[in-house]
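Residue numbers (the UniProt record's numbering): 1 to 314.
Beta carbons: idealized from backbone N, C-alpha and C, even for Gly.
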């Protein structure tokens, strides 16, 4: 007589178990709603707006018209594509910025710094990691204004240091704005790369390096033949992240405002100017869609490289 109630209760407990599909769906529903409202819906809305002439002011603010590919054709117009202040110039400038700042600067510098601190005493390693983490977690606005004060022509710290050793001061933000934002972004982004590669190197069993020491391998040989192949997945992950972050970064706006004369107007800054200063929402949405496709292409290329099997004997 007591078997049936126990069996029924057990079924109820099993049906409402935290590991059941019903419970999983209940926990995922709030997150799914938030993602839908703040990610999926805006995503498709931006794509739709990119095919219209929507603006903030004027007749098309309330009644935008469908213009098809007109916004995209205007962005890739051969007559103006390479002119300063146009999308083509910003796209080429951003490509150079990504190559110099992300791939050469952040990834390579972070990798070398992470390898070098593996050989220093533990207290120096901990101190270095502390400063690196501090540089990474500071808000971008704070970092931007700190660098602006460092590079200021009249009372900047850099010019004061140059004058103290007898060298002439310079207006770096005006004379070399592109290389200023490259160095600035490299300094900040290398911190992330260094932390990621430092964790990757720490996960390699010490016996690998001990065996290499017995064989008489140099530091470069250990780095090339042991360390780098074993952290290949981390390298791909780092490249994906810093490439997309650098391509989409807006922080250089705090230093140069996209100038002088559009010489530092990256695609993200160009998109901001078109959409929120010129109020051309349709054209700005088209730029956003193109940026999304470029980011997707970056990710697919890096993932395809990471999935390739190593050739035998390498």
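Query	Result
Coarse secondary structure for residue 264, derived from DSSP in three states	coil
Contact set for residue 234: own chain, Cβ-Cβ below 7 Å, skip 5 residues either direction	196, 197, 200
Residues of its chain near residue 53, where Cβ-Cβ distance is below 7 Å and the 5 sequence neighbours each way are ignored	60, 64, 65, 67, 282
Residue environment, residue 297, which counts as buried when at least 16 other CB atoms sit within 10 Å	exposed
Straight-line gap, residue 143 to residue 215 (C-alpha atoms, nearest Å)	46 Å
Straight-line gap, residue 156 to residue 149 (C-alpha atoms, nearest Å)	5 Å
Inter-stretch contact (C-beta, 8 Å, three-pair minimum) for the region 171-182 and the region 250-262	yes
Residue-level contact to chain B via CB, residue 21, 8 Å cutoff	In the structure shown, chain B cannot be found, because there is only a single protein chain.
Under 8 Å between C-beta atoms of residue 267 and residue 50	no
Completely contained alpha helix (DSSP H) runs for the region 199-259, where each covers 4 or more residues	206-214, 219-222, 232-248, 252-256
Pair within 8 Å by beta-carbon distance, residue 190 and residue 109	yes
Touching by the beta-carbon criterion (3+ pairs, under 8 Å), the region 77-94 and the region 105-124	no
Secondary structure of residue 1, DSSP reduced to three states	Model confidence at residue 1 stands at a pLDDT of 46, short of 50, so the residue's coordinates are unreliable; what they give is reported in the following sentence. If DSSP states are grouped into helix, strand and coil, residue 1 belongs with coil.
In DSSP terms, what residue 66 is bridged to	52
Coarse secondary structure for residue 92, derived from DSSP in three states	helix
Bounding residues of the alpha helix (DSSP H) (the contiguous stretch that carries residue 128)	122-137
Own chain residues within Cβ distance below 7 Å of residue 280, not counting five before or after	55, 274
Contacts around residue 120, its chain only, beta-carbon distance under 8 Å, and the 5 residues preceding and following it disregarded	128
DSSP three-state assignment for residue 313, whether helix, strand or coil	Model confidence at residue 313 stands at a pLDDT of 44, short of 50, so the residue's coordinates are unreliable and nothing is read from them.
N- and C-terminal bounds of the alpha helix (DSSP H) containing residue 157	157-164
Enclosing alpha helix (DSSP H) for residue 29 [first to last residue]	21-35
The alpha helix (DSSP H) enclosing residue 175, as first and last residue numbers	172-175
C-alpha distance - residue 57 paired with residue 39, whole-angstrom precision	26 Å
Residue 83 (DSSP reduced to helix, strand or coil)	coil
Continuous alpha helix (DSSP H) stretch holding residue 142: start and end	140-151
Supposed contact pair residue 75 and residue 87 - C-beta distance, whole angstroms, cut 8 Å	4 Å
Through-space distance from residue 27 to residue 173, alpha-carbon basis	51 Å
Status (buried if at least 16 other CB within 10 Å, exposed otherwise) for residue 89	buried
Residue range of the alpha helix (DSSP H) that includes residue 105	It is not in any alpha helix (DSSP H) - residue 105 carries neither H nor E in the DSSP assignment.
As assigned by DSSP and simplified to three states, the class of residue 169	coil
Euclidean distance between Cα positions of residue 229 and residue 167	45 Å
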